[in-house]
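Quick note on UniProt numbering: the sequence shown kicks off at 1 and runs consecutively.
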Amino acid sequence: MRTGKDGTLLTCGIDDTLRRAVASAEGEVPSYTSDATPLGAQPRALDHLADEDLTIVATVKELAVIVGTSKQSTLPINYEPSCVTIDPKSKHVAVGGADSKVHIYSLQGTSLTPVTELTHLGAITDARYSPDSTYLVACDSNRKLILYTTEEYKLAHNKEWGFHTARVNCVAWSPNGLRVASGSLDTSIIVWSVQQPAKHVAVKNAHPQSQITGLAWVDDETLSSVGQDANTRIWSLPTS
């Protein structure tokens, strides 16, 4: 799920379509419109550029570029995707795969062209470009996060971000791009410093007996998390 302009929600599901939900008034629960874009295969992930109303959906067969509700192009793939992130500045698209690779593409107009591949030691579970487009962070089933520079897709530092004890499920950037939060099957959240890569803060048993399934920063010092315990938690994480 992603948000578009004016609070529109974009979702894809087992009906193999991309759909939009719009709130009729502020504070109202969004309801789906009649527009549904057929995808032709089971979707696994999506990302959206709100300013251009452009969505990229990764299905089990291909990557689809959609503008508004119209599918503009597709690119066949031979791996199972797990996540998609678009950098609005460079127009690069990173797609994580079960093949233990982050696949980088260039978005030229409405077409995708392969650029490079970044190899991990486990299936990719999530990936996100930083707010300032300087970095790409990716996490995997091998308990690791890897931070790359987007200029050449090289390692941003030589420190190992591997303090989780099980699969890392999700990552999220703070709005200022100085910290990365990760959530894991091990029930913990770890917050990593980009400026001081050896420094991290761990929140053990953030969702007791439940893996972390999603993270989002409210501001630079406040993080929200969700888990399989059906709870949403808010964390105060001062920078000092």
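Glycine included, C-beta positions come from ideal geometry on N, C-alpha and C.
Bear in mind that the values here come from a model prediction, so they are computed numbers and not experimental data.
Pick from the options that is closest to residue i, judged by C-alpha positions
i, options, result
"ARG179", "ASN169, THR187, PRO197, LEU185", "PRO197"
"HIS92", "SER100, ASN78, VAL65", "VAL65"
"LEU39", "ALA216, ILE14, SER184", "ILE14"
"HIS103", "THR110, PRO88, ILE77, GLN228", "ILE77"
"SER73", "LEU54, LYS89, VAL60, TYR79", "LEU54"
"residue 316", "VAL226, GLU151, TYR32", "This structure gives no information on residue 316, because the portion of the chain shown stretches from 1 to 240."
"LEU145", "SER133, GLU160, GLU151", "GLU160"
"ARG44", "LEU237, THR17, ASP229, PRO30", "THR17"
"ASN205", "ILE190, LYS199, VAL194", "ILE190"
"THR165", "THR37, ASP140, GLU52, THR33", "ASP140"
"SER100", "GLY68, ALA138, PRO88, THR69", "ALA138"
"SER193", "ASP87, ILE234, GLU221, ILE56", "GLU221"
"ASP35", "GLU28, ASP219, LYS71, GLU62", "LYS71"
"LYS5", "VAL201, ALA41, THR59, HIS48", "HIS48"
"ALA58", "THR33, TYR105, SER31, ALA23", "TYR105"
"ALA50", "GLU28, VAL95, GLY7, ALA202", "GLY7"
"GLU28", "LYS199, LEU9, ASN231, GLN195", "LEU9"
"ARG19", "ALA230, ASN231, THR37, THR3", "THR37"
"GLN228", "GLY109, ILE56, ASN169", "ASN169"
"VAL60", "ALA41, LEU75, VAL67", "ALA41"
"residue 245", "ASP87, TYR79, GLY109, LEU75", "Because the chain is modelled from 1 through 240, residue 245 falls outside the range shown and cannot be assessed."
"VAL201", "ALA230, GLY162, THR232", "GLY162"
"PRO88", "THR69, GLY96, ILE56", "ILE56"
Nearest-angstrom beta carbon gap, residue j and residue i [assumed within contact, 8 angstroms]
i, j, result
"PRO114", "PRO175", "About 31 angstroms; that fails the 8 angstroms criterion."
"THR149", "TYR135", "6 angstroms"
"ASN142", "HIS120", "7 angstroms"
"LEU112", "TYR153", "Not really, about 16 angstroms apart at Cβ, beyond 8 angstroms."
"THR11", "ALA21", "7 angstroms"
"GLN209", "LEU185", "The pair is not a contact, with the Cβ atoms about 12 angstroms apart (cut-off 8 angstroms)."
"THR239", "HIS207", "Not quite, the Cβ-Cβ distance comes to about 23 angstroms (not below 8 angstroms), so this is no contact."
"TRP235", "ALA172", "The Cβ separation is near 12 angstroms, so there is no contact."
"SER90", "SER133", "6 angstroms"
"LEU63", "LEU75", "5 angstroms"
"VAL67", "THR3", "Rounded, the Cβ-Cβ distance is 17 angstroms, inconsistent with contact."
Collapsed DSSP secondary structure at residue i in the structure displayed
i, result
"LYS101", "strand"
"GLY214", "strand"
"GLY177", "coil"
"ASP229", "coil"
"GLY7", "helix"
"ALA50", "helix"
"LYS61", "coil"
"residue 242", "This structure cannot settle anything about residue 242, because the visible part of the chain is limited to 1 through 240."
"THR110", "coil"
"ALA45", "strand"
"SER130", "coil"
"LEU155", "strand"
"LYS199", "coil"
"PRO38", "strand"
"VAL67", "strand"
"residue 297", "Nothing about residue 297 can be read from this structure; the chain reaches only from 1 to 240."
"ALA21", "strand"
Per DSSP, the bridge partner or partners of residue i
i, result
"SER116", "One point to set straight first is that residue 116 is Thr, not Ser, in the sequence displayed. Answer by DSSP bridge pairing, in chain order: ILE104."
"TYR135", "THR149"
"GLU26", "In the DSSP output, where bridge partners are listed per residue, GLU26 has none listed."
"ASP15", "None; ASP15 has no bridge partner."
"VAL171", "SER182"
"GLY96", "CYS83, VAL102"
"PRO76", "GLU62"
"ARG143", "The partner list for ARG143 (beta bridge, DSSP) is empty, contrary to what the question assumes."
Review point. Are at least three pairs of beta-carbons, each pair with one atom in the segment 119-134 and one in the segment 69-85, less than 8 angstroms apart?
Key: Counting C-beta pairs with one atom in each stretch, the segment 119-134 and the segment 69-85 have three or more that are closer than 8 angstroms, which means they touch.
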